[in-house]
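Numbering-wise, this note's numbering puts 123 at position 82 of the sequence shown, and it's gapless, one number per residue.
Think of the CB as a built atom: it goes at the ideal place given N, C-alpha and C, for glycine as much as any other residue.
Below: one structure, written as structure tokens.
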Amino acid sequence: MAKRTKLRLKPDIFLYIAVIIVIIILGNKGINAYKTHQYHKTTEYKLITIGYTKKDIKLLSKYYSEKELTKFTKDKKKNKLLLSLMENKYYLHKNLDSYLEYQDLNPNKKLEDVIKEVNIRHNYAYYEGTVKTDTTLNNEMLVNKYYYLTEEYEPDDLVTISTKYSWGTLGSKKIRQEAYDAYLKMHEAANQEGIYLMVNSAYRNYKDQERVYNTYKNNQGEAYADKIAARPGFSEHQTGLALDIFSLKSSTQSTFKDTDAYKWLKDNSYKYGFILRYPEGLESITGYNFESWHYRYVGVDLAKKIYESGLTFDEYYAYYIEK
Ligand SMILES: [Zn+2]
42 MAKRTKLRLK
52 PDIFLYIAVI
62 IVIIILGNKG
72 INAYKTHQYH
82 KTTEYKLITI
92 GYTKKDIKLL
102 SKYYSEKELT
112 KFTKDKKKNK
122 LLLSLMENKY
132 YLHKNLDSYL
142 EYQDLNPNKK
152 LEDVIKEVNI
162 RHNYAYYEGT
172 VKTDTTLNNE
182 MLVNKYYYLT
192 EEYEPDDLVT
202 ISTKYSWGTL
212 GSKKIRQEAY
222 DAYLKMHEAA
232 NQEGIYLMVN
242 SAYRNYKDQE
252 RVYNTYKNNQ
262 GEAYADKIAA
272 RPGFSEHQTG
282 LALDIFSLKS
292 STQSTFKDTD
302 AYKWLKDNSY
312 KYGFILRYPE
322 GLESITGYNF
332 ESWHYRYVGV
342 DLAKKIYESG
352 LTFDEYYAYY
362 IEK
């Protein structure tokens with residue numbers, strides 16, 4: 042009897058199972074169709090249909106919210122220029138409008154140069170589009186032809202450089218305490234290798250710089266003065282962190298680059314927190330001709346980073362300090 046029931050029930054069970062399987066299949070298809078339908082409504086899908094890859098979308102998402110991304114779906118095709126800019130190592134999103142504007146004015150310029158130049162404000166002429174230097178950055182502050190110090194700015198920890206290490210009368214050369222301590226260490230290290238460093242120029246206040254600049258300007262005109270000297274407020278010497286360094290053997294600007302002292306400074310000054318501020322061949326970035334004698338104290342950690350990056354301080358500052 043039990044055996045009969047079992048046999049009679051068997052086809053029913055198969056039927057139930059078959060029905061359940063059909064329901065599962067159809068259900069799954071339905072869910073998938075629904076999912077596809079929903080996906081087609083997403084920003085990602087819309088962006089893909091106009092040519093963006095998932096990688097492009099990931100890149101855009103670094104700078105735009107989900108909501109902001111929807112504006113790109115209204116375009117007919119992907120914005121290749123924008124993506125190329127964003128792919129650059131030194132892309133700064135806050136500068137996007139300036140990159141686009143500068144690129145438009147200089148269509149033949151490489152994008153990496155567009156980025157580099159805008160980051161360091163070279164989309165402006167020298168002394169235009171200027172910014173007040175952030176002096177709270179202390180050793181890391183930037184002063185160049187775009188970043189300036191006010192007439193009032195004067196470091197409060199200036200110390201006199203001994204005439205053992207500098208030319209001129211005692212008290213005529215001053216530098217900030219930390220930079221002086223670092224200089225003394227550097228002097229000692231160079232001396233160990235037979236190089237006796239001497240400071241030729243150190244802190245210059247606004248008025249000093251004004252005098253220097255105006256002398257050139259009055260005698261040879263503004264264009265010449267701008268080539269030779271910084272305008273008042275725009276000289277790094279006003280930070281109290283810049284030194285013009287020569288050696289006892291050589292103090293001539295035109296030949297210092299050929300001396301052992303220069304070679305030593307170039308390779309070792311960063312270990313003491315100083316950087317060669319206006320390197321050879323980078324005049325278009327620093328705004329100054331190569332100065333083998335001008336060193337800027339930025340602190341040991343930062344000097345090492347700048348030295349290893351191969352960037353000028355102007356570029357390093359824009360990308361890593363100011364951001
Ligand atoms: Zn100098």
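Cα-Cα separation, residue 53 to residue 61: Your numbering for residue 53 matches position 12 in the sequence shown. Your numbering for residue 61 matches position 20 in the sequence shown. Roughly 12 Å between the two C-alpha positions.
Please confirm if the stretch 276–288 is in contact with the stretch 333–347, defined as three or more CB-CB distances below 8 Å between the two stretches. Enough Cβ pairs lie closer than 8 Å, so yes.
Going by CA-CA distance only, name the one from 299, 223, 203, 90 that's closest to residue 118. Along the sequence shown, one-based indexing puts residue 118 at 77. Out of 299, 223, 203, 90, the CA that lies nearest to the CA of residue 118 is found in 90.
Closer than 6 Å to a non-hydrogen atom of ligand 1 - does that hold for the CB of residue 285? Here residue 285 corresponds to residue number 244 of the sequence shown, with the count starting at 1. It does: the Cβ of residue 285 is within 6 Å (strictly closer) of some heavy atom of ligand 1.
Test item: CB-CB of residue 289 and residue 239 under 7 Å: Taking the sequence shown and counting its residues from 1, one reaches residue 289 at position 248. Taking the sequence shown and counting its residues from 1, one reaches residue 239 at position 198. Yes; because the gap between Cβ atoms is below 7 Å, this pair is in contact.
Is it buried or exposed, residue 316, if we count other Cβ atoms within 10 angstroms and call 16 or more buried? For the purposes of this step, residue 316 is taken as residue 275 along the sequence shown, with counting starting at 1. The residue in question, residue 316, is buried, as its Cβ has 16 or more Cβ neighbours within 10 Å.
Bridge partners of residue 267, per DSSP? The residue labelled residue 267 in the question sits at position 226 within the sequence shown. Looking at the DSSP assignment, residue 267 forms no beta bridge with any residue, so it has no partner.
Under the criterion of a Cβ to heavy atom distance below 6 Å, does residue 228 qualify as lining ligand 1? By 1-based counting over the sequence shown, the position of residue 228 is 187. Checking every heavy atom of ligand 1 against the Cβ of residue 228, none is found closer than 6 Å.
Cross-strand partners of residue 173 (DSSP beta bridge): Translated into positions along the sequence shown, residue 173 becomes position 132. According to DSSP, residue 173 bridges with 189.
For residue 123, which of 74, 184, 138, 169 has the nearest alpha-carbon? Counted from its first residue, the sequence shown places residue 123 at position 82. Closest option to residue 123, Cα to Cα, is 138.
Quick check: the stretch 211–220 against the stretch 188–203, are at least 3 beta-carbon pairs closer than 8 Å? yes
Would you list the one or two residues that DSSP bridges to residue 332? Against the sequence shown, residue 332 aligns to sequence position 291. Answer by DSSP bridge pairing, in chain order: 319.
Out of 274, 75, 162, point me to the one whose CA is closest to residue 254's CA. As a first step, residue 254 must be located in the sequence shown, where it is residue number 213. Of 274, 75, 162, the residue nearest in Cα terms is 274.
Using 8 Å for Cβ pairs, my map puts residue 250 next to residue 279. What's the rounded Cβ distance? Residue numbering aside, residue 250 sits at position 209 when the sequence shown is read from its first letter. Residue numbering aside, residue 279 sits at position 238 when the sequence shown is read from its first letter. Rounded, the Cβ-Cβ distance is 6 Å, consistent with contact.
By the three-class DSSP mapping on this structure, what secondary structure does residue 309 have? Within the sequence shown, the letter at position 268 stands for residue 309. Helix.
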